[in-house]
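J.: Under mature numbering (1 follows the signal peptide of the UniProt record, and there is no 0), the letters of the sequence shown match residues -23 to -1, 1 to 836, in that order. Okay, handing you the structure first.
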Amino acid sequence: MNLSLLRAGLTTALLLGAAGAWAQQYRSEVRELDAPPPAEKEVDLREQLKSAADPYAKAMILRELAGQAASQKDYKQAAALLEQALKTNGLSGPAAQQLREALSELTLATGNFKAQLPTLEKRAREPGATPEIFIALGSAYLDLKRYPEAITALKKGIAGSANPDPSWKQALLGALLATGREAEALPLLQEQVRAQPQLRENWLRLAAMAVKAGDKERAAATLELAARQGHLKTSDERLQLINLTAQIGAPFEAGSLMQGWMEEGVLAKDAGNYSTLAALWSRARESGLASAALEQAQRLSPSAERLLQLGQLQMNQEDYARAAQSLEKAINSGAKSGPAWMTLAMARYQQAEVEGAVDAFRQAAEYPQSRKLAQDWLKYLESGAAREQALMALERRQPRAAANAGVRLGEKLGEAPLALEGEVASRASAAAPVTAGLSGEGALTPVGAERGRNADGRIPAWDGGLRAPPASYKPGQRLSDPYPQDRPLFTITAANVAQYAAQLSQGHKALFARYADYVMPVYQTRRGASYPQAIYDATQANLGKAKLLGSDALEGARLGFPFPRPQNGVEVMWNHRTRYRGDTVKATYTQAVVQANGRSELSKQTFLTYFRYGNVKDPVDIAKKNILVYGITSGAKPGGTPEFVALFHETANSLKDPRDVWVLLTRLSKMFRVPPVGYDQPFPGSDGLEFIDMVDMYNGAFDRYVWKLVGKREVYIPYNAYRLSDGRVKYSQLLKGGHPDQGEARYELHRVWVIEATERGGKRHVFGKRTYYVDEDSWNVVLVENEDREGKLWRFQEGHVTPLYDVQAVTTVPSYTYDLKDGRYFANRLFSEDAPFEYNLPMKESDFLPATVRVRYGR
């Protein structure tokens, strides 16, 4: 971000402190005279500096030179001279400290705020810190891309000033947009446009936000007003709008806008613009459109580098023949490198051209950065099994690495080998002790939980759970509380939290530490989880048969929980992924982003889900059909129509077929197949608080982490949360600043599996480490502690376990994601004011075909 305006506005205010320090130091170190002395011959201070031997004299001369430089506004030179003065070690303690303070002010005056970050943080904590200090601190955080902290500091600086400089608000605006907090940024942006209509960037940002929102009318009106102000005349100005649209997270809309202007002739159809268009389509995961644009750019201006990019895009599309042609041309044109040869080798291998692949891998082995991987591939290709594997890859069109004679290859080009911690091992030895429990006797429940009570009796023995609805329940209506007579046994508060610390998660401890009014009402433990008999029978049948070929490749399981006695963390997570949730589900619920001040923004989410693995009526055989679940989801503002519809097919073995995703943009009536989404991509409507892989507490691929099974703990977790969803609590009562109202929440002591997920080598995620707490009775993930890459607890997920006695399933509603850094939280799966979920409605696979969805939901 360009902060020159902000820094210029701060310079005068910051130097006032420096002037005071200089004056104080002068008075303390010289003798003041009653009358001025006779004029002396002007001396050259730099000549004096050369001849000075005494450290004190050197320091004084350097200080004087720094003063001259500062008077000429050469703050950088002044700061350098003060640094030299301090290095002489010729000043007393107080004098040196004053010099350091002056140096700090001069450094700030240069605009290099991040160099003074520790000083700024200290001064911001001092009583009476000026608005300028907070603005400088916010600027330092902006330089470091620490946007949430920048927002906090900038807001304090602006609030503390009666007449804040416009550049301060401009900086705050940039920080809000950088974090995706567009709802909060919009009023400020509109204010800035009114106050400074001459600033083109704000007009273009306003238009970009309208484009991203799909509001064509508002976007057109904004562009017209910008044009009247003279802000949208040149191609560069239009390209700036396109760039801003992409920057706020809308590369698809930016690409559509640019392509439209190129077709209209407003933007030139030259190689540079086609390259830009290709980059936008690539960011939007539209590989086909990106390839077409890049091919146009290549025709207009041939380039070896562009051919490499084109080859990679064609690899992404699995168009290996054309990819090989593009890569060969690029290499022959001079773009020779280890990655280029490796990519060409993979393109040839996918076409079963083993000899050609060997030649390319040998070339890649000549480069240090690709030598080891290329040599591993050569060893494999020369092993004799290579041709058969290559033909299989060609048949499936799915790149798949293989191993022979102890050689393991990355699943994707350049990645480290994927090794699991024991999950491929035989389970024959584990079968015997579990079988008794599965048959209804012995130490374990039918799904693998401990049947008996705990040592002190606070966790009772499992007696079969809720097998029938209470008399108060009416079919088709909300679930009524089966335990209406229960009252809290005690309440954990900030005052007594230490007494219960041994049974609390780190996430809950953090909430107590942050919020003095946070409480946890603790009730009698009731183990109500239960599943249909078919699930119990299938779970028993899976024992010893289910296995993992990789972290995301399940084999040998059918209908029930695959691993009732897990041997590692990823097996526990597979139990969560495949748990029974009804054969089909239709759900509409509310989700809300709640700011620290309590202001909330609500939206609606709708899901249609057809479970194929966990389907009692018609369970799929994953050996014959590689599918777990079909789903359709859409999002909208309350009372509005869906802005998008997403179709997804979740597979059991992603080594064969990854997750398929299509997105229908309802305003455009266009449907696009997109690459598999997940991991740390933002979940729509969460304002960046929740990622795709945090939905349902965890979903999606497991390949970015190593999943360590730590063991079991007894922990207070949210359970039997009927009162949060039976209609008695309004959203306005529930959604408060900092954390939801806890009046109707219910916590119980339960046994949970604890899994630590640490980042796998060669992989990357925003969260460096995650700790999962999984309910033993239902295999639902109930708590998650997500740490940043520095190991600090950042976001805490809490799912309120609710046994669904009407369908014999268990889920978590509602769920909360707390940001422990900025005080916001995301409330999801709220339906106290929405219609009850509908289960086991008739659905069929043809309902989840792209063509069907396009016709049914397109405008």
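Backbone N, C-alpha and C fix where the C-beta goes; we use that ideal spot for every residue, glycine too.
Do the segment 816 to 827 and the segment 495 to 511 touch if we need at least three Cβ pairs shorter than 8 Å?
T.: At 8 Å Cβ cutoff, the stretches do not touch.
J.: Under the three-state reduction of DSSP, which class applies to Pro410: helix, strand or coil?
T.: Locating residue 410 in the sequence shown gives position 433, where the first residue counts as 1. Low confidence applies here, because Pro410 scores a pLDDT of 30, under 50, leaving its location unreliable and the question unanswered by this model.
J.: Please state whether DSSP places Glu126 in a helix, a strand or coil.
T.: As a working mapping, residue 126 is identified with position 149 in the sequence shown. Helix at Glu126.
J.: Pair every Cβ in the segment 786 to 795 with every Cβ in the segment 726 to 743, then say whether three or more of these pairs are closer than 8 Å.
T.: Touching, no.
J.: Between which two residues does the alpha helix (DSSP H) harbouring Gly553 extend?
T.: Here the question's residue 553 lines up with position 576 in the sequence shown. One detail in the question is off: residue 553 reads as His in this sequence, not Gly. Element bounds for His553: Gly546 to Thr555.
J.: Confirm, please, whether the CB-CB distance from Gln462 to Val692 is below 8 Å.
T.: Taking the first residue of the sequence shown as 1, we reach residue 692 at position 715. Taking the first residue of the sequence shown as 1, we reach residue 462 at position 485. No; because the gap between Cβ atoms is not below 8 Å, this pair is not in contact.
J.: What does a CB cutoff of less than 6 Å around Thr422 pick up in its chain, not counting 5 residues either side in sequence?
T.: Reading the sequence shown from its first residue, position 445 is the one you call residue 422. Excluding residues within five positions, the ones whose Cβ falls inside 6 Å are Arg428 and Trp439.
J.: Nearest to Leu218 by alpha carbon, out of Gly677, Ala184, Leu244 and Asp247?
T.: Within the sequence shown, the letter at position 241 stands for residue 218. Closest option to Leu218, Cα to Cα, is Ala184.
J.: Between Pro615, Ser580, Ile609 and Arg556, which lies nearest to Tyr590 when the distance is taken from Cα to Cα?
T.: As a position in the sequence shown, residue 590 is number 613, starting the count at 1. It is Arg556.
J.: Closest by CA to Arg215, which one among Leu181, Leu807, Ala530 and Ala162?
T.: Locating residue 215 in the sequence shown gives position 238, counting from the first residue. Here the closest residue by C-alpha is Leu181.
J.: According to DSSP, is Thr65 helix, strand or coil?
T.: One-based indexing of the sequence shown puts residue 65 at position 88. Of the three classes helix, strand and coil, the one that applies to Thr65 here is coil, per DSSP.
J.: Per the DSSP calculation, Phe803 is bridged to which residue(s)?
T.: Here residue 803 refers to the residue found at position 826 when the sequence shown is read from its first residue. DSSP lists Val570 and Thr794 as partners of Phe803.
J.: Alpha carbon to alpha carbon, what distance is there between Asn697 and Tyr450?
T.: On the sequence shown, residue 450 is found 473 positions in, with the first residue counted as 1. On the sequence shown, residue 697 is found 720 positions in, with the first residue counted as 1. Their backbone Cα atoms lie some 15 Å apart in a straight line.
J.: In chain order, what residues of the same chain lie with their CB nearer than 6 Å to the CB of His716, ignoring the 5 residues before and after it?
T.: In the sequence shown, residue 716 corresponds to position 739, counting from 1. Within the same chain, His716 has close Cβ partners Tyr492 and Tyr495.
J.: Going by DSSP in three states, Gly44 sits in which element: helix, strand or coil?
T.: Here residue 44 is taken as the residue at index 67 of the sequence shown, counted from 1. Helix at Gly44.
J.: Flag this pair as yes or no: are the beta carbons of Leu153 and Ile128 separated by less than 8 Å?
T.: Residue mapping note: residue 153 aligns to position 176 of the sequence shown, counting from 1. Residue mapping note: residue 128 aligns to position 151 of the sequence shown, counting from 1. Going by C-beta atoms, Leu153 is nearer than 8 Å to Ile128.
J.: For the 8 Å Cβ check, are there 3 or more pairs between the segment 282 to 301 and the segment 323 to 341?
T.: Counting Cβ pairs under 8 Å, three or more are found: they touch.
J.: Do the CB positions of Glu282 and Ala312 come within less than 8 Å of each other?
T.: Here residue 282 refers to the residue found at position 305 when the sequence shown is read from its first residue. Here residue 312 refers to the residue found at position 335 when the sequence shown is read from its first residue. Their beta carbons are under 8 Å apart, which means Glu282 touches Ala312 by this criterion.
J.: State the Cα-Cα distance for the pair Ser278 and Ala269, rounded to the nearest angstrom.
T.: Taking the first residue of the sequence shown as 1, we reach residue 278 at position 301. Taking the first residue of the sequence shown as 1, we reach residue 269 at position 292. Taking the straight line joining both Cα atoms gives about 14 Å.
J.: Alpha helix (DSSP H) containing Met235: first to last residue?
T.: Within the sequence shown, the letter at position 258 stands for residue 235. Segment Pro228 to Glu241, the alpha helix (DSSP H) holding Met235.
J.: Here's the rule: buried if 16 or more other CB atoms are within 10 angstroms of the residue's CB, otherwise exposed. What is Ser823?
T.: By 1-based counting over the sequence shown, the position of residue 823 is 846. By the neighbour-count rule (16 or more Cβ atoms within 10 Å), Ser823 is not buried but exposed.
J.: Within 8 Å, do at least three Cβ pairs link the segment 567 to 584 to the segment 594 to 606?
T.: Contact between the segment 594 to 606 and the segment 567 to 584 is absent, because fewer than three Cβ pairs lie under 8 Å.
J.: Would you kindly work out how many angstroms separate the C-alpha atoms of Ala678 and Val638, rounded to a whole number?
T.: As a first step, residue 678 is located in the sequence shown; it is residue number 701 there, counting from the start. As a first step, residue 638 is located in the sequence shown; it is residue number 661 there, counting from the start. So the two alpha carbons sit approximately 14 Å from each other.
J.: Could you tell me how far apart the beta carbons of Lys306 and Leu284 are, in whole angstroms, since I believe they sit closer than 8 Å?
T.: For the purposes of this step, residue 306 is taken as the residue at position 329 of the sequence shown. For the purposes of this step, residue 284 is taken as the residue at position 307 of the sequence shown. With 8 Å as the limit, Lys306 and Leu284 qualify as a contact, their Cβ atoms being about 5 Å apart.
J.: Can you grab the Cα-Cα spacing for the pair His485 / Ser663, in whole Å?
T.: Within the sequence shown, numbered from 1, the residue matching residue 485 stands at position 508. Within the sequence shown, numbered from 1, the residue matching residue 663 stands at position 686. Cα-Cα distance, rounded: 21 Å.
J.: Which residue marks the beginning of the beta strand (DSSP E) containing Phe660, and which one marks its end?
T.: Reading the sequence shown from its first residue, position 683 is the one you call residue 660. Per DSSP, Phe660 belongs to no beta strand (DSSP E) and is neither H nor E.
J.: How would you call Ser5, buried or exposed, if buried means at least 16 neighbouring beta carbons within 10 angstroms?
T.: As a first step, residue 5 is located in the sequence shown; it is residue number 28 there, counting from the start. Reliability fails at Ser5, whose pLDDT of 43 lies under 50, so the model's placement of it is uncertain and the value that follows must be treated cautiously. The residue is exposed, with fewer than 16 neighbouring Cβ atoms inside 10 Å.
J.: Would you mind stating whether Val499 and Thr468 have Cβ atoms separated by less than 8 Å?
T.: One-based indexing of the sequence shown puts residue 499 at position 522. One-based indexing of the sequence shown puts residue 468 at position 491. Cβ atoms of Val499 and Thr468: closer than 8 Å.
J.: When the Cα atoms are used, what is the spatial distance from Ser35 to Gln54?
T.: Indexing the sequence shown from 1 puts residue 35 at position 58. Indexing the sequence shown from 1 puts residue 54 at position 77. According to the sequence provided, residue 35 is Lys. The question's Ser does not apply to it. Each residue's alpha carbon lies about 17 Å from the other.
J.: With distance defined between alpha-carbon atoms, name the residue in Leu63, Gly442, Thr222 and Gly714 nearest to Leu781.
T.: Here residue 781 refers to the residue found at position 804 when the sequence shown is read from its first residue. The candidate whose alpha carbon is nearest that of Leu781 is Gly442.
J.: With distances taken Cα to Cα, identify the nearest neighbour of Phe538 among Glu532, Thr516, Ala523 and Lys524.
T.: Counting from one through the sequence shown, the residue named residue 538 turns up at place 561. The candidate whose alpha carbon is nearest that of Phe538 is Thr516.
J.: For the segment 596 to 653, list the beta strand (DSSP E) runs that are entirely contained and at least 3 residues long, ordered along the chain.
T.: Listed in chain order, the complete beta strand (DSSP E) runs (minimum 3 residues) inside the segment 596 to 653 are 606 to 613, 621 to 627, 637 to 642 and 647 to 651.
J.: May I ask you to verify whether the segment 702 to 712 touches the segment 523 to 530, counting CB pairs closer than 8 Å and requiring at least 3?
T.: No contact exists between the segment 702 to 712 and the segment 523 to 530.
J.: Enumerate in chain order the residues of its own chain whose CB-to-CB distance from Glu272 is below 8 Å, with the five nearest sequence positions on each side excluded.
T.: The residue given as residue 272 occupies position 295 in the sequence shown. Counting only Cβ-Cβ distances below 8 Å, and skipping sequence neighbours, we find Leu287.
J.: With distance defined between alpha-carbon atoms, name the residue in Tyr802, Asp31 and Gly242 nearest to Glu578.
T.: Mapped onto the sequence shown, residue 578 falls at position 601. For Glu578, the nearest C-alpha among the options comes from Tyr802.
J.: Roughly how many angstroms separate the alpha carbons of Asn519 and Val593, rounded to a whole number?
T.: Your numbering for residue 519 matches position 542 in the sequence shown. Your numbering for residue 593 matches position 616 in the sequence shown. Each residue's alpha carbon lies about 15 Å from the other.
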